[in-house]
Structures are given as C-alpha cells and as structure tokens.
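Structure record follows, encoded as structure tokens.
Residue numbers (the numbering used here): 187 to 461.
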C-alpha cells in the first residue's frame with residue numbers, strides 16, 4: 187500500500203469523476219484506484235459479520251472520504267445520473283462499491299422520496315452482510331431524515347410491522363440513527379413505535395432494541411425511564427426485562443436504581459389483562 191500523497195490522490199479522484207455518467211467505466215476505474223491503495227498484507231478479505239461474503243480492498247479511510255467528497259457536487263447537479271450510478275455500484279460484488287452506492291443514496295435530494303425509499307427496501311431486503319445493512323439504514327437514509335420526514339416515518343412505521351422480515355431490522359437500525367440526529371425530538375413517536383416491540387420482546391431483535399434504549403436513555407433519560415416503567419408494569423416478562431437490563435448502564439445512577447426496583451417488584455407478576 188503506497189503512502190497517500192494528497193496531490194496524487196486529488197488527480198486520481200478527478201480522473202475518476204470524469205466517468206460519472208458512464209457507470210461501467212466508473213466502476214472499472216474505481217477498482218483500479220482502490221486497488222492502488224489496497225492493503226495487500228491482509229488480502230483476501232471480506233466484510234465483517236458476513237453471511238454472503240463480499241470482497242473488500244481494505245483502503246485507508248482518507249481515500250474513501252476523498253472519493254465521497256468529489257462525488258457530492260455531481261450528486262447535487264445530476265441526481266438522475268447519480269441514481270443510475272448508485273444502481274450500478276450496488277450490483278458490484280465488492281464492499282466498497284456497495285458502500286459508495288449507499289453514500290450516493292444518502293446524499294440524493296429526496297424528490298420524490300420514493301426513489302430512495304424503494305431502494306432502501308429492495309437493497310435491505312436482499313442484503314445479508316450486517317455491516318452493509320447497517321450502512322443502508324444509517325448513511326443511506328441521511329437525506330430522508332433531514333428533508334423528507336413524513337414519507338420516511340410512514341415507511342419506517344410500516345416496515346416495523348413486518349415480523350421476522352429484513353425490513354424490520356433496517357427500521358430498528360434507522361431508528362437508532364434517528365435518535366442520534368441532532369434536532370430530532372419526537373420521542374412520543376418513538377415510544378409508540380417501540381412499545382409493542384419491547385413488550386413482545388422478539389429474541390431476534392433484542393440486541394437492537396437494547397441499543398435503541400441506550401441511545402434514548404442518553405438523549406432523554408427521564409422520559410425513557412418513565413416509558414420503560416410503564417412497560418415493566420404492563421408486560422413483566424423475562425425477555426422484556428432482559429432487554430431493559432442491557433440498557434440500564436446508559437441511565438444516570440438514580441434512574442438505574444429506580445428501574446431495577448421496578449424490575450424486581452414486577453418480576454413474578456403477570457401483566458394485567460388487555461395490556
């Protein structure tokens with residue numbers, strides 16, 4: 187792997203972006219550029235936590251950021267061309283190609299939003315690589331979170347109803363990203379979405395639900411504690427309690443103790459009828 191020379195890298199990325207409107211050429215030149223900077227001491231490599239494995243070049247992050255930065259003006263000035271390029275990159279069997287496709291999707295203006303939402307759903311439903319799925323739900327939804335809340339929230343709410351479906355997993359990762367969005371404050375919406383999921387405590391999603399509760403505890407500890415106390419009272423089961431316990435250390439000490447007391451108090455009680 188050669189040392190990064192900023193002037194050379196700039197020239198290389200300018201040459202690459204010249205192929206923006208020719209996806210096949212762009213993809214070919216992208217791999218040439220990535221291979222130039224690839225870390226060959228750890229080859230071959232695949233994305234982490236993969237089920238269906240994708241190859242990975244192992245390129246330094248400054249190189250990837252430089253490519254992203256030179257893509258942004260083109261995405262803004264030619265969104266239709268950017269969408270065509272994203273579709274071509276998604277068909278690539280290398281992790282970087284798919285991650286650049288996701289980056290483009292997240293930078294596209296959501297007009298109309300369904301052009302992005304349809305790809306989030308299609309890519310998320312078929313992708314098996316966990317790191318890529320997480321990127322779809324976080325980086326791929328950036329413009330939706332900021333510029334198309336109504337359509338985005340409607341889709342998330344619908345996807346959350348799909349039991350044992352990849353789109354439910356996508357939605358949960360997306361909710362975590364939503365919580366960490368600086369200006370997002372619609373906690374009642376999240377409580378409405380998450381209440382049934384935490385009460386049902388599906389084992390497949392327990393880690394994601396705990397991660398979401400941790401993020402919510404850091405953002406709004408009092409409100410989240412109140413929400414969880416209501417759940418503990420109405421649905422005192424082992425799985426729900428485990429999800430909550432795994433999130434306790436994200437709360438201030440006084441709220442940790444309060445929630446632990448609730449968990450102990452309702453440990454052996456059955457939820458009231460109709461809860």
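A virtual CB, placed ideally from N, CA and C, is assigned to each residue, including glycine.
Inset, instruction - Buried or exposed for residue 331, please, with buried defined as at least 16 other CB atoms from any protein chain shown within 10 angstroms of its CB. - result: Burial of residue 331 is indicated by the presence of at least 16 other C-beta atoms within 10 angstroms of its C-beta.
Legend entry - Meets three-Cβ-pair contact criterion under 8 Å: the stretch 242–259 and the stretch 311–328: Verdict: no, contact absent.
Inset, instruction - Inspect the beta-carbon positions of residue 392 and residue 365 and report whether they are closer than 8 Å. - result: No, Cβ-Cβ distance for residue 392 and residue 365 is not below 8 Å.
Legend entry - Sub-8 Å separation of residue 209 and residue 270 beta-carbons: Cβ distance < 8 Å, so residue 209 and residue 270 count as in contact.
Inset, instruction - Determine the direct distance from the alpha carbon of residue 421 to that of residue 255, and round the result to whole angstroms. - result: Rounded to whole angstroms, residue 255 to residue 421 spans 48 Å at the Cα level.
Legend entry - Helix, strand or coil at residue 185 according to DSSP, with G and I counted as helix: Not covered by the structure: residue 185. The range shown for the chain is 187 to 461.
Inset, instruction - State whether the stretch 431–441 contacts the stretch 392–403, with contact taken as three or more CB pairs (one from each stretch) at a distance under 8 Å. - result: Three or more pairs of CB atoms, one per stretch, sit closer than 8 Å, so the stretch 431–441 contacts the stretch 392–403.
Inset, instruction - In the DSSP assignment, find the unbroken alpha helix (DSSP H) run with residue 397 in it and report its ends. - result: Residue range 392–405 is occupied by the alpha helix (DSSP H) that includes residue 397.
Legend entry - Residue from 445, 419, 278 and 346 whose Cα sits closest to the Cα of residue 408: The option with the nearest alpha carbon to residue 408 is 445.
Legend entry - residue 452 and residue 418 closer than 8 Å at C-beta: Yes. Within cutoff.
Inset, instruction - Would you tell me roughly how many angstroms separate the C-alpha atoms of residue 275 and residue 305, rounded to the nearest one? - result: Taking the Cα positions, residue 275 is about 13 Å away from residue 305.
Inset, instruction - Tell me, please, which residues DSSP counts as bridged to residue 280. - result: 241.
Inset, instruction - State the CB to CB distance for the pair residue 281 and residue 240, rounded to an integer number of angstroms; the pair is presumed to be in contact (CB under 8 Å). - result: Their Cβ separation, rounded to whole angstroms, is 4 Å, which keeps residue 281 and residue 240 in contact under 8 Å.
Inset, instruction - For residue 367, name the three-state secondary structure that DSSP assigns. - result: Note: residue 367 maps to coil in three-state DSSP.
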